[in-house]
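Trainee:
In our numbering, the protein residues as written are 2 to 416.
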């Protein structure tokens, strides 16, 4: 929230300002608009499956902002009367989605019908890049991080495991194993089966200025991926746009404009994406970036013509998971009440949620994080120096300078 202490007003006035801002952002109307976007996302997924005669589709989530919308879409498939009725009649079940191994999806984990094959596969691949780097390099690095992960995505989505030889893909897997000790996740990415011929990838992203989605989609096109809005296209973007598009910058609005002028619900404009860049209490996941690993690799060209330009996503650390999981579940429950049309008790639930959101102060970035708060993100013994949360709630970790250089050399040895 960034409220500074002001001597000219009382703390009661500060509390009142915070309460008013939360009431305004998380109004019944904004929660209703959020639920409507989740419904539209659900229909988009269902229609893509239907258009392909009941064949599966793959969903790519490149941003934290898309996570609560896919969770809301799953909720809509199960709880919106119209969608649920259609899905059960068309596919015989409403358990359509193969759930990713993240705690924020736990609410949907249930035993599938015997032999039931999921019709929706979700690939979570973090393109997160909103971090603070040296000014003269910031834009170049941020764009480079998104382009890097686009190349990783192309390897995973369109090449079989034995043909994934791209430097970016190998570097990302080595990083997951060597720095974060996540061999299981690296193995999952290595074994991930590419989409079948004719199977579209639904790319779901939230859009504010448009820069991130523009950079990513431009890179997909540059790499030869066929973008469009028909079931036969390789990749079908679904863009959820904040402030009804008023915050879009002219140089980044190409894809929003192109897909707005179709009748395929490829662009969902809403008044306010109330979860955007507000941390794990509203997004469900933590984003982590190792700032001086990236800078060290770029400045010293340790990896040659590539560098470890990427972030990672995690569940909330165990010490904080109770608070954050509770708040996230309450937020999704409010969205779910709007989706299903349950009005009884809504205002009381909303009031309780806002009271907890305010009292735990989870929307204020932590400018000075301790080792105990971040140690679950990386391997024991890594040369930790400092950590902080950026304004967009990305955990930015620094290792010692010497430790960063040695770590980069280690993960770049196979590049």
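Even glycine gets a Cβ: it sits at the ideal position worked out from N, Cα and C.
1) Helix, strand or coil for residue 140 per DSSP?
2) Look at the alpha carbon of residue 412 and the alpha carbon of residue 405, and state the distance between them as a whole number of angstroms.
3) Would DSSP call residue 189 helix, strand or coil?
4) When you compare only the Cα positions, how much space is there between residue 260 and residue 410?
5) Using only CA atoms, which one of 174, 195, 194 and 269 lies nearest to residue 186?
6) Please return the same chain residues whose Cβ sits closer than 7 Å to the Cβ of residue 217, not counting the five positions on each side in sequence.
7) Do you know whose CA, among 140, 74 and 142, lies nearest residue 123's CA?
8) Let me know if residue 358 comes out buried or exposed under the rule of 16 or more other beta-carbons within 10 Å of its beta-carbon.
9) Look up residue 287 in the DSSP assignment and give the residues it is bridged to.
10) With H, G and I counted as helix, E and B as strand and the rest as coil, what does DSSP make of residue 239?
11) Grab me the residues of residue 323's own chain with a C-beta within less than 6 Å of its C-beta, minus the 5 sequence neighbours each way, in chain order.
12) Using the rule of at least 16 other Cβ atoms within 10 Å of the residue's Cβ for burial, across every protein chain shown, is residue 267 buried or exposed?
13) Decide if residue 1 is buried, meaning its Cβ has at least 16 other Cβ atoms within 10 Å, or exposed.
14) Please give the ranges of any beta strand (DSSP E) in the segment 147-210, keeping only runs that are unbroken, at least 3 residues long and fully inside the region.
15) Could you pull the start and end residues of the alpha helix (DSSP H) that residue 270 belongs to?
16) Put residue 386 into one of helix, strand or coil per three-state DSSP.
17) Just confirm the distance between the C-beta atoms of residue 244 and residue 67, as a whole number of angstroms; I'd bet it's less than 8 Å.
18) Roughly how many angstroms lie between the CA atoms of residue 182 and residue 385, to the nearest whole one?
19) Please confirm whether residue 281 and residue 312 have their CB atoms less than 7 Å apart.
20) Run through the DSSP bridge pairs and tell me what residue 121 is partnered with.
21) For residue 376, collect the residues of the same chain with a Cβ closer than 7 Å to its Cβ; drop the 5 residues on either side in sequence, then sort them by chain order.
22) Is the Cβ-Cβ distance between residue 58 and residue 203 less than 7 Å?
23) Kindly identify the DSSP beta-bridge partner or partners of residue 397.
24) Whose C-alpha, out of 365, 306 and 134, is nearest the C-alpha of residue 278?
Mentor: Looking at the atomic coordinates:
1) The three-state reading of DSSP puts residue 140 in helix, counting H, G and I together.
2) Straight-line spacing of the CA atoms in residue 412 and residue 405 works out to 11 Å.
3) Residue 189 carries a helical assignment under DSSP once its states are collapsed to helix, strand and coil.
4) Each residue's Cα considered, the two are about 43 Å apart.
5) Distances from the alpha-carbon of residue 186 to those of 174, 195, 194 and 269 put 174 closest.
6) Once the five neighbours on either side are set aside, the close Cβ partners of residue 217 are 63, 128, 147 and 151.
7) Cα-wise, what sits closest to residue 123 is 74.
8) In this structure residue 358 is buried. Its beta-carbon is surrounded by 16 or more other beta-carbon atoms within 10 angstroms.
9) The secondary-structure analysis by DSSP pairs residue 287 across a beta bridge with 315.
10) DSSP places residue 239 in the strand class (E or B) of the three-state scheme.
11) So no residue of the chain qualifies.
12) Classification of residue 267: buried, given that the 10 Å Cβ count is 16 or more.
13) In this structure the chain extends from 2 to 416, so residue 1 is not present and cannot be described.
14) You should have 202-208.
15) Here residue 270 belongs to no alpha helix (DSSP H); instead the beta strand (DSSP E) covers 268-270.
16) Strand at residue 386.
17) Cβ-Cβ separation between residue 244 and residue 67: approximately 17 Å, too far for a contact (criterion under 8 Å).
18) Their Cα atoms are separated by approximately 15 Å.
19) Not a contact, by the Cβ cut-off of 7 Å.
20) Answer is 58 and 98, bridged to residue 121.
21) Excluding sequence neighbours, residue 376 sits near nothing in its chain.
22) For residue 58 and residue 203, yes; Cβs fall inside 7 Å.
23) Looking at the DSSP assignment, residue 397 forms a beta bridge with 290 and 389.
24) Considering only alpha carbons, the answer is 365.
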